[in-house]
Amino acid sequence: MNHQPPAIRFIPLTCFLLLPLISSTNVSSQDWLSFRGGGKSCAPDAKTPATFDVESGENVAWNIRTTGRGIGGPLVIGDQVIVTGCGGEDERDLYVESFSVETGVKNWSRPMRATGRPFTHPTSSNASPTPASDGQRVFALFSSCDLVCYDLEGRLQWYRALALDHPKTGNDVSMSSSPVVSGGVVMVQLENQGDSFAAGVDASTGEVLWTIDRSARSNWSSPQPITLKDQRTGFILNDGSSVDIIDGLTGETVQHFDFGGDGTASIAYSDPFVIIPGGNTTALRLDDNLSDGEIASIAWESSKLRPQRCTPVVSQDRVYMGRGSVLVAGSLSDGSVLWQARLGKLSNVWATPVMTATGIYILDADGKCVVVADRGDEGEVIGESDIGEKILASPAVSGDSLFLRTENGLIRVAAG
C-alpha cells in the first residue's frame, strides 16, 4: 500500500483559477447519483409505466441523441440528466453532457481528450463507467483512466490524468468499474493485469489522498460506500478473489475476507447487509458490536442465488438476481430462493436491472425490456417493450420517470 499521494498530475488548464466557487446543493431523494443509485438499484415509490413504445412515442416523454456513444448509466441531479460519451479515432474524444429532465434539451456539453489507453472491445466503450455525483459536482471516469470533475453548470473543477503515472492500466474489454463518492472522497477501482490499483481522491480539489496496489487481474466490479463504526467513510472492494473493507480517508484496510465474488457483477448494499455476488453469493452483515475491530461477519452463503453478469437489486427484505433469461428472487435475511421467473425472449443481459413501485425492469443488449412484478410467492411478467437500440447501461429512476441510456441516445420513459 502506498499512503503517500503519488504524482498523479493535473492536466494544465489556465482557466481553472478563474472558476467561481460552486454553491451548496441539497441532495434530493429523487436524485440518482451513481451506478445503481446508491447500492440498491431501487426507487420503491416511483410509478413508472410497465410498457412503452419508442417508435410511436407512447409513454415516452422524449428521445434524443447524445454526442458520441456510451454504455455508462445516466445520473439525475435535480432538473438535469448527466451522461458521458466518446467518439473520434479510437474513441479518444470524451464528453460529459447535461440535458433537461423536463424537455431533453441540452444544457451543456464539455469535450476533452483521452490521455490514457482508449482501446476497448467493440461492444464496450471508452465511456463505459457510470459517473457519480455528490449533488454539487459530477465526477466522470473513462476507460482511458481520465477522471474529471465539473460543477452542475458545466464548469471544470479539476482533471486527473491517472494514466500518466499508471501507463500500463487497461484491458482489452474496457475499464468499466464506476467511481463512487462519499464523505468528500471520490474512489476509483482500476484493477487489471497491468498496473492495478485503487485510489481515493479529494472531491473538492482533485488531490490524491491515497493509493492501494491491487491484485493484477481484470476486474469490472465497482466499489461500494459504507459507513464505519465511528461514522467515518468506508468502501468495500471485491476483486473476484477477496473482499476488503477500507477506511475512505486513509486507504487502510479495516477488515479482509479471503473469499471473492464475481469480477463483473458489483456489490449490492442495504444496511446492514452487503451482498457479494458470485458462484457462491455471500452476504455480510455490518455490526458495530463485533470485537477485535471487525465491523462485518458472514450472514449467509448461497450457491443457488447468484447472478450471471448483473449486479443484484435489493428491495425491503428481498434480493433479486438476473441470470440471463431468468430472474431469481431470494430472501435478504437468509439467502433462500423464493421464486424464479422466465423472461421470455430476453438474452445477453448486461445492464443491471432497476426496481420501481411498478416492478423490476430487465433490459438486454438488443434493447428488449421485460418488467416483472413481485407477487409474493411468484414473479409475474407485466410488461414487454422494445427500445429498438442497443443498451448495456443500467437505467436511472427519478420521480415517476425511467431514464434509458442507449448506445447513442437518451430516452425518458414516463406516463402520458
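In mature numbering (1 follows the signal peptide of the UniProt record, and there is no 0), the protein residues as written are -29 to -1, 1 to 387. For every residue, glycine included, the Cβ atom is placed at its ideal position computed from N, Cα and C.
If you look at ILE197, you'll find it in the beta strand (DSSP E) that goes 195 to 198.
Residue environment: ASP371 is assigned as buried (16 or more neighbouring CB atoms within 10 Å of its CB, all protein chains considered). Per the coordinates, the alpha-carbon of ASP229 lies some 18 angstroms from the alpha-carbon of SER193. With at least 16 other beta carbons inside 10 angstroms of its own, ARG131 counts as buried. Here PRO93 is exposed, its C-beta having fewer than 16 other C-beta atoms within 10 Å.
Inter-residue distance for SER189 and SER213 is about 13 angstroms (C-alpha atoms, whole angstroms). Cβ contact annotation for GLN51 (same chain, cutoff 8 angstroms, sequence separation greater than five): SER69, PHE70, SER71, VAL72, ASN78 and LEU123, in chain order. Taking the C-beta atoms as reference points, VAL159 is found nearer than 9 angstroms to LEU133. Beta bridge pairing from DSSP links ASP258 with no other residue. For GLY231 and GLN128, the gap between their C-alpha atoms comes out near 36 angstroms.
Spanning the alpha carbons of ASP184 and VAL157 requires a straight line of approximately 17 angstroms.
With contact defined as three or more Cβ pairs closer than 8 angstroms, the stretch 333 to 352 and the stretch 239 to 258 are not in contact. Linking ILE382 to ASP259 through their CA atoms gives a straight-line distance of about 43 angstroms.
By the CB criterion at 9 angstroms, SER369 and THR323 fall outside the cutoff. Shortest Cα-Cα distance from ASP61 to any of ILE197, ALA17, SER145 and LYS200 involves SER145. Taking each of THR140, THR282, ALA14 and GLY125 in turn and checking the Cα distance to CYS116, the smallest one comes out for THR140. Looking from the CA of LEU118, the closest CA among ALA170, GLY75, GLY155 and VAL76 belongs to ALA170.
Under the criterion of beta carbons closer than 8 angstroms, THR55 and GLY41 qualify as touching, at roughly 5 angstroms. Per DSSP, GLN279 lies in no beta strand (DSSP E) segment and is marked neither H nor E. Burial of ALA270 is indicated by the presence of at least 16 other C-beta atoms within 10 angstroms of its C-beta. Looking at GLY350, LYS316, THR327 and ASP348, the one whose alpha-carbon comes closest to that of CYS340 is LYS316. Proximity to ASP210 across LEU199, SER286 and GLN195 peaks at GLN195, based on C-alpha coordinates. Out of GLY359, LEU373 and ARG376, the CA that lies nearest to the CA of GLU26 is found in GLY359. About 12 angstroms separates the Cβ atoms of GLY106 and ILE53, ruling out a contact at the 8 angstroms cut-off.
Secondary structure within the stretch 174 to 251: the beta strand (DSSP E) runs of 3 or more consecutive residues, fully enclosed, are 179 to 184, 195 to 198, 204 to 209, 214 to 218, 224 to 228, 239 to 241 and 244 to 247 (chain order).
The C-beta of ALA254 has 16 or more other C-beta atoms within 10 Å across all chains shown, which makes the residue buried. Under the three-state reduction of DSSP, LEU317 is assigned to coil, being neither helix nor strand.
As computed with DSSP, GLN311 is found in a beta bridge with VAL299. Cβ-Cβ distances below 8 angstroms link TYR121 to VAL67, ARG81, ARG108, VAL109, ALA111, LEU127 and GLN128 in the same chain, with the five nearest sequence neighbours on each side left out; the list follows chain order. Assigned with DSSP and collapsed to three states, GLU68 falls in strand. Spanning the alpha carbons of ARG256 and HIS227 requires a straight line of approximately 14 angstroms. Excluding residues up to 5 positions away in sequence, THR19, PRO20, PHE23, ASN30, VAL31, ALA32, SER372, LEU373, PHE374 and LEU375 lie with their Cβ nearer than 8 angstroms to the Cβ of VAL384 in the same chain.
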